[in-house]
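All remarks here apply to the structure that follows.
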Amino acid sequence: MLMVILLVALSSLLIITASKILINEIIEFYRKTDIPPYLLSFFSISIGTSLPEISNSIVLSLNGFSSIGFLNLFNNVILDFTLVFGIIILLLPNFRRFFKKELTISMLIIFIFLIYVLLDGIITRIEGIILFSLYIFVASYIIYSNSRKYIGSWARKIEISLKDVLFYSFLISASVGIIIANAIIISYLVSYLVEVVNVSEYLVGFILSFFTILPELLVVITSCILFKRLDIGLYNLFGVFITDLTFGAGITASIVPVILKEKVVLILFPLLALYLVMVLTDLILLEKKVPREVGYLLIGAAVLYILIVAIFT
């Protein structure tokens, strides 16, 4: 049992390392091409930081553990909007100047739809396709709404050689390959935990998410402290939310319908859903900078959630 957990941790750490390389190369590529941070964070970086949980979810779904894959995605979002978001508020209390209300409204609409879909504890293949289509719609809207403002001026600023393009492409491709390979290893280890050791699916999904939030945390720290780009950390978090719950959950359910049958899910999910709706609504209504106390409260909420999962699962 202990050896399996250690192997899961090792595989997850390899995924995180690959994600770090991926994120750093994407940011470095951004610095040479001057891609607008809003577009960079939502597409490139958020997909890079979401890749660990999405690859886990897809591979787990292919092996018959779609519920664990979804729980990995969902718990990842919960920890992002408690622990990671709390840290963002402490580092960036005046994030309102980077705030885009339409992005948060999109997040709220997506989450309300997901709650509606999960009322019966099942995400069907059709509902999974709808979730994935929502990602395509939101992504298309963001590209369209920013194309006139950014694309023309951005295209004139590109100064990057073919050698650099090939170098970054190789590193990014290698990082993605490592992430996917480790997701396959994690899938086999998870199947052992669930079928042989009889560990709760919710607990397994939570443990995986505890590792997969680390790339998001890494982006926040790197962008805010090292690169002095406070906007990248915030936009990345919002992008991860949308990517995980539409792209990730949609593909997972499209492969194998997600069936959440554990009692703890029926108890915790409505409470967590209510929490996220409140956070997103507050973000839409907020007009001034966020007090630091809110950051501490969110981090405290993450600690409380970890304790609840540890005790009741």
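All residue numbers for the sequence shown refer to our numbering, where the first residue is 60 and numbers rise by one.
Note that the Cβ used here is the ideal one computed from N, Cα and C, for glycine as well.
>> Using a 10 Å radius around the Cβ and a threshold of 16 neighbouring Cβ atoms, would you call G236 buried or exposed?
In response: exposed
>> Using a 10 Å radius around the Cβ and a threshold of 16 neighbouring Cβ atoms, would you call D303 buried or exposed?
In response: buried
> Which value, in whole angstroms, describes the spacing of the CA atoms of I164 and V255?
Replying inline: 43 Å
> Where L130 and Y334 are concerned, what is the direct C-alpha to C-alpha distance, given to the nearest angstrom?
Replying inline: 17 Å
> What do you reckon, are the CB atoms on G128 and T311 nearer than 7 Å?
Replying inline: yes
> Do M166 and F306 have their CB atoms nearer than 7 Å?
Replying inline: no
> Taking all protein chains shown into account, do 16 or more other C-beta atoms lie within 10 angstroms of the C-beta of P111, making it buried, or fewer, making it exposed?
Replying inline: buried
> Which residues in the same chain as I188 place their Cβ atom closer than 6 Å to its Cβ, once the five residues preceding and following it in sequence are excluded?
Replying inline: S313
>> Using C-beta distances below 8 Å, list every residue in its chain close to V249, excluding the 5 sequence neighbours before and after it, in chain order.
In response: V67, L119, F124, I127, V263 and L267
> For A141, which residues of its own chain have a beta-carbon under 6 Å away from its beta-carbon, when the five flanking residues on both sides are left out?
Replying inline: Checking the displayed sequence, the identity of residue 141 turns out to be Thr instead of Ala. Cβ within range, chain order: L357, A360 and A361.
> Roughly how far, in whole angstroms, is the beta-carbon of L296 from the beta-carbon of I147, given that I think they are within contact range, below 8 Å?
Replying inline: 7 Å
>> DSSP three-state label for V256, please.
In response: coil
>> If you follow the alpha helix (DSSP H) that G145 is in, where does it begin and where does it stop?
In response: F144 to L150
> Relative to the C-alpha of T108, which residue among V353, L273, P350 and L366 is closest?
Replying inline: L273
>> With the cut-off set at 7 Å, would you say I181 and I318 are in Cβ contact?
In response: yes
> So, does the CB of T183 fall closer than 7 Å to a CB anywhere in chain D?
Replying inline: Of the chains in the structure shown, none is chain D; there is only one protein chain.
> Measuring CB to CB, does A240 end up less than 7 Å from L132?
Replying inline: no
> Within 10 angstroms of its Cβ, does I245 collect 16 or more other Cβ (buried), or is it exposed?
Replying inline: buried
> Taking the alpha carbon of I168 as the point to measure from, which residue in F196, V353, L293 and A233 has its own alpha carbon closest?
Replying inline: F196
> Do G373 and G292 have their CB atoms nearer than 7 Å?
Replying inline: Residue 373 lies beyond the residue range present for the chain, which begins at 60 and ends at 372; the question has no answer from this structure.
> From the DSSP output, which residues share a beta bridge with V317?
Replying inline: I182
> Between the C-alpha atoms of I117 and L151, what's the straight-line distance to the nearest angstrom?
Replying inline: 34 Å
> Less than 7 Å separating the beta-carbons of Y200 and T372?
Replying inline: no
> Looking at the structure shown, is T372 part of a helix, part of a strand, or coil, going by DSSP?
Replying inline: coil
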